[in-house]
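So the structure is just underneath, and the comments pick up after that.
In our numbering, the protein residues as written are 22 to 321.
This is the structure we're talking about:
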């Protein structure tokens with residue numbers, strides 16, 4: 022039976038988009054250990070995506086606020102930048118964990134896993150034992166085991182009652198599209214045209230994921246993917262050879278055309294997960310629109 026959760030502000034049971042890592046442990050022998058590991062990995066993956074989303078969404082706001090208040094230099098200091106980054110990740114992580122019905126003390130411990138690694142490295146940084154790059158890299162590396170420990174500690178706790186509006190539920194189910202839009206925020210501020218070689222990522226991603234998931238073995242599937250690779254290789258080479266404005270239009274067209282490829286795979290549920298296809302179609306359309314804007318703006 023599909024896993025469902027009853028929402029406090031809804032009279033109907035809404036399907037959960039994935040097994041909750043906070044579900045009660047199954048009786049002995051009822052479920053393999055691999056199921057618990059998958060839930061744990063899913064939870065950690067969600068946390069990572071939420072943290073990236075928090076950084077992408079909030080970093081531009083910090084920059085704007087720093088410029089407006091005249092404290093941009095202070096925000097650029099390594100210690101301050103590390104704490105700002107930890108705050109951005111914590112905000113994204115908190116939203117995701119509360120949506121998944123984690124209790125506040127678990128959220129607080131995961132937040133500590135964001136801050137403590139940086140705080141531990143402040144002393145060696147201040148005395149000159151490590152530089153700014155080592156501070157940021159070391160903080161992120163220490164953060165990984167800290168997150169795993171917190172996730173292991175709370176993976177079998179009962180979930181807390183959380184009120185969720187139907188609109189929030191719908192938006193949460195469309196998280197791949199939201200993440201794709203977040204990735205293009207900076208480009209809308211300063212639109213530009215991508216290199217023609219970036220178009221090779223479009224068919225390459227499908228082939229790599231298809232090989233990893235072993236979903237290229239169906240009738241005609243591999244041939245279709247190779248045909249797509251040939252098309253976008255031809256577009257790439259054409260753009261490289263043409264150069265100038267023609268190349269810009271070919272790159273924009275290549276990204277936009279790939280959105281149709283994504284839609285077909287999303288509909289057929291073939292080769293890649295539907296979430297990946299949804300992410301790609303939104304990203305492709307958004308980047309194509311940014312590039313068209315850049316071309317038209319430079320023409321003006």
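Beta carbons are placed, not taken as given, at the ideal position from N, Cα and C, and that holds for glycine.
- Here DSSP, grouped into helix, strand and coil, assigns residue 235 to coil.
- Residue 95: member of the alpha helix (DSSP H) spanning 93-97, first to last residue.
- Ranked by how close their Cα comes to the Cα of residue 279, the residues 210, 295, 260 and 253 have 253 in first place.
- For the options 165, 207 and 250, the alpha carbon positioned closest to that of residue 77 is the one of 207.
- Counting along the chain, residue 245 sits inside the alpha helix (DSSP H) bounded by residues 242-263.
- Judged by DSSP in its simplified three-state form, residue 151 adopts coil rather than helix or strand.
- Of the candidates 145, 295 and 138, 295 places its Cα closest to the Cα of residue 194.
- In the structure shown, the three-state DSSP call for residue 222 is helix.
- Under the three-state reduction of DSSP, residue 207 is assigned to helix.
- Here DSSP, grouped into helix, strand and coil, assigns residue 319 to helix.
- Contact check between the segment 96-109 and the segment 55-64: fewer than three CB pairs, one atom from each, fall below 8 Å, which does not count as touching.
- Contact annotation: residue 226 and residue 301 have beta-carbon atoms nearer than 9 Å.
- Rounded to the nearest angstrom, the gap between the Cα atoms of residue 79 and residue 112 is 9 Å.
- Taking a 10 Å sphere around the C-beta of residue 273, we find 16 or more other C-beta atoms and assign the residue as buried.
- When secondary structure is reduced to three states using DSSP, residue 158 falls in the helix class.
- Out of 201, 175, 56 and 248, the CA that lies nearest to the CA of residue 74 is found in 201.
- Using a 10 angstroms sphere on the CB of residue 305, the tally of other CB atoms reaches 16 or more, which defines it as buried.
- Distance check between residue 277 and each of 319, 219, 241 and 158 places 219 closest, using alpha-carbon atoms only.
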